[in-house]
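K.L.:
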Amino acid sequence: MCDGMKAHDLAIRLARVRHGDLSAGNILISDSGKGILIDWDLAMRLPSEDNQRVDTQGPQGPTTKWQTGTWQFISAARLMDPDSTRHELRDELESGLHVLLYTSVRYRASHLTVAQCKLLKKAFIEHFDSRSDTVQGRTSGGHGKYEFFQPIGPSAFSQDGLEKFLSEPHASLVETLRRLFVPLYSTERQLKLIPSMEQSRDAALEVLKTSDRFIEIIEEHLEMNGWTENDVSDELRGCDQFFTEARGLISEARRNSLLRANM
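Per the UniProt record's numbering, residue 1 is the first one in the sequence shown, and the count goes up by one each step.
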């Protein structure tokens, strides 16, 4: 994951190109254990070094029917506003967090009891696949992701909830990255409930103008003690209970990864 986000950052810095579709299927692991960011067919060239915003809109109107990306990993802000063609770096960084959460739950949830897994499955579906009405061919959604970014998010994805099946630094990584985006989706009154959290939307936007802090947080957590050694995903261990419980959702996610979300 860290290598994939660094590759994403280097493409912006060196080539002025943004990937456009950070998803679980586009970050691979090489035989040597390195991360590889693939599938650049939706990449966008940035207009200038000072302009991190890309509108998927040409002089004659939108170049696509809707926003590009893979539904499960598109930012909450973009899903909730299907008429917008805005696509900024902060949206891509948020997609990176959704990829981390998705794969963390997807491949480690079999450590839960059947009852706990059932509750997690419900939260998983709400987060990654919630959709609202389709109007004029455009579908909105993102409610589950919006709730995730409230100061006190869903208990299933809280640090305590994640530590039921993830190591302490792993769960802390998800929570620390989550806090980068909370001010974007919360009111000042809500933020005051948690003094340790960034209190200003403008300050949060400033941090998310680059990938620096996002990558720094990952690197800091990788240096922490407490990571599970010789860790293997549930699927490779042959005990993928969560896959069995959420097979319909996983299949839908794989299908959407191919179709994209440019409906």
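Just so you know, even glycine gets a beta-carbon here, dropped at the ideal spot from N, CA and C.
Under the rule that 16 or more other beta-carbon atoms within 10 Å means buried, what is residue 187, buried or exposed?
P.N.:
Counting from one through the sequence shown, the residue named residue 187 turns up at place 187. Exposed, by the Cβ-count rule.
K.L.:
Would the region 34-43 and the region 79-91 be scored as touching if the rule is three or more Cβ pairs under 8 Å?
P.N.:
Touching, no, given that fewer than three Cβ pairs across the two stretches are closer than 8 Å.
K.L.:
Just verifying my parser: in three-state terms, what is the DSSP assignment at residue 80?
P.N.:
Against the sequence shown, residue 80 aligns to sequence position 80. In the structure shown, residue 80 sits in a helix (DSSP, three-state: H, G or I).
K.L.:
What's the gap between the Cα of residue 55 and the Cα of residue 85?
P.N.:
For the purposes of this step, residue 55 is identified with residue 55 of the sequence shown, where counting begins at 1. For the purposes of this step, residue 85 is identified with residue 85 of the sequence shown, where counting begins at 1. For residue 55, the predicted model reports a pLDDT of 49, less than 50, meaning its position is unreliable and no value from the coordinates is stated.
K.L.:
Which residue wins for smallest C-alpha separation from residue 24, given the options 41, 69, 44, 46?
P.N.:
For the purposes of this step, residue 24 is taken as the residue at position 24 of the sequence shown. That would be 69, whose Cα lies nearest to the Cα of residue 24.
K.L.:
Relative to the C-alpha of residue 77, which candidate in 44, 148, 156, 170 has its C-alpha closest?
P.N.:
Your numbering for residue 77 matches position 77 in the sequence shown. The option with the nearest alpha carbon to residue 77 is 148.
K.L.:
Tell me whether the region 190-204 and the region 157-175 touch, counting them as touching only if at least three CB pairs, one residue from each stretch, are closer than 8 Å.
P.N.:
Short answer: they don't touch.
K.L.:
So, for residue 193: in the same chain, excluding its five sequence neighbours on each side, which residues have a beta-carbon less than 6 Å away from its beta-carbon?
P.N.:
One-based indexing of the sequence shown puts residue 193 at position 193. Taken in chain order, the residues that qualify are 151.
K.L.:
Roughly how many angstroms lie between the CA atoms of residue 214 and residue 115, to the nearest whole one?
P.N.:
For the purposes of this step, residue 214 is taken as the residue at position 214 of the sequence shown. For the purposes of this step, residue 115 is taken as the residue at position 115 of the sequence shown. If you take the alpha carbons of residue 214 and residue 115, they lie about 34 Å apart.
K.L.:
How big is the Cα-Cα spacing for residue 44 and residue 113?
P.N.:
As a position in the sequence shown, residue 44 is number 44, starting the count at 1. As a position in the sequence shown, residue 113 is number 113, starting the count at 1. Near 43 Å, if we compare the C-alpha coordinates of residue 113 and residue 44.
K.L.:
Less than 9 Å separating the beta-carbons of residue 81 and residue 140?
P.N.:
For the purposes of this step, residue 81 is identified with residue 81 of the sequence shown, where counting begins at 1. For the purposes of this step, residue 140 is identified with residue 140 of the sequence shown, where counting begins at 1. Contact: yes.
K.L.:
To the nearest angstrom, how far is it from the Cα of residue 168 to the Cα of residue 47?
P.N.:
Start at 1 with the first residue of the sequence shown, and residue 168 comes out as number 168. Start at 1 with the first residue of the sequence shown, and residue 47 comes out as number 47. Spanning the two alpha carbons is a distance of roughly 41 Å.
K.L.:
Report yes if the C-beta distance between residue 104 and residue 166 is below 9 Å; otherwise report no.
P.N.:
Counted from its first residue, the sequence shown places residue 104 at position 104. Counted from its first residue, the sequence shown places residue 166 at position 166. Cβ atoms of residue 104 and residue 166: closer than 9 Å.
K.L.:
Suppose only complete runs of 3+ residues qualify. What are the beta strand (DSSP E) ranges in the region 125-155, listed by chain order?
P.N.:
Taking only runs of at least 3 residues, the beta strand (DSSP E) segments lying wholly in the region 125-155 are 131-135, 138-141.
K.L.:
Using a Cβ-Cβ cut-off of 7 Å (strictly less than) and excluding sequence neighbours within five positions of residue 224, which residues of its own chain qualify?
P.N.:
To locate residue 224, count along the sequence shown from 1; it is residue 224. Taken in chain order, the residues that qualify are 169.
K.L.:
May I ask you to report which of helix, strand or coil DSSP gives residue 25?
P.N.:
Residue numbering aside, residue 25 sits at position 25 when the sequence shown is read from its first letter. Of the three classes helix, strand and coil, the one that applies to residue 25 here is helix, per DSSP.
K.L.:
Are there 16 or more other CB atoms within 10 angstroms of the CB of residue 131, so buried, or fewer, so exposed?
P.N.:
For this step, residue 131 is matched to residue 131 along the sequence shown. With fewer than 16 other Cβ atoms within 10 Å, it is exposed.
K.L.:
Alpha carbon to alpha carbon, how far is residue 191 from residue 32?
P.N.:
Looking up residue 191 in the sequence shown gives position 191. Looking up residue 32 in the sequence shown gives position 32. Using only the alpha carbons, I get a separation of about 43 Å.
K.L.:
Between the Cα of residue 106 and those of 96, 124, 95, 119, spot the shortest distance and give me the residue it belongs to.
P.N.:
Residue mapping note: residue 106 aligns to position 106 of the sequence shown, counting from 1. Checked all of 96, 124, 95, 119; the closest Cα to residue 106 is 124.
K.L.:
In whole angstroms, what is the alpha-carbon distance linking residue 2 and residue 189?
P.N.:
Working through the sequence shown from its first residue, we reach residue 2 at position 2. Working through the sequence shown from its first residue, we reach residue 189 at position 189. Computed Cα separation, rounded: 34 Å.
K.L.:
Less than 6 Å between C-beta atoms, sequence neighbours within five positions excluded: which residues of the same chain meet that for residue 254?
P.N.:
Locating residue 254 in the sequence shown gives position 254, counting from the first residue. Per-residue confidence for residue 254 stands at a pLDDT of 47, beneath the threshold of 50, marking its modelled position as unreliable; no derived number is given.
K.L.:
Is residue 18 buried or exposed, if buried means 16 or more other CB atoms sit within 10 Å of its CB?
P.N.:
For the purposes of this step, residue 18 is taken as the residue at position 18 of the sequence shown. Buried: at least 16 other Cβ atoms inside 10 Å.
K.L.:
Quick check on the burial criterion: 16 or more other C-beta atoms within 10 angstroms. Buried or exposed for residue 204?
P.N.:
Here residue 204 is taken as the residue at index 204 of the sequence shown, counted from 1. That one is buried.
K.L.:
Taking the alpha-carbon positions, what's the residue 79 to residue 98 distance?
P.N.:
Sequence index remark: in the sequence shown, residue 79 carries index 79 (1-based). Sequence index remark: in the sequence shown, residue 98 carries index 98 (1-based). Taking the straight line joining both Cα atoms gives about 13 Å.
K.L.:
Residue 96 lies in the alpha helix (DSSP H); which residues open and close that run?
P.N.:
For the purposes of this step, residue 96 is taken as the residue at position 96 of the sequence shown. Looking at the DSSP string, the run of the alpha helix (DSSP H) that includes residue 96 is 89-108.
K.L.:
Tell me the DSSP bridge mates of residue 45?
P.N.:
Position 45 of the sequence shown, counted from the start, is the residue given in the question as residue 45. Looking at the DSSP assignment, residue 45 forms a beta bridge with 17.
K.L.:
Three-state secondary structure (DSSP) at residue 74?
P.N.:
In the sequence shown, counting from the first residue as 1, residue 74 sits at position 74. Coil at residue 74, not helix or strand.
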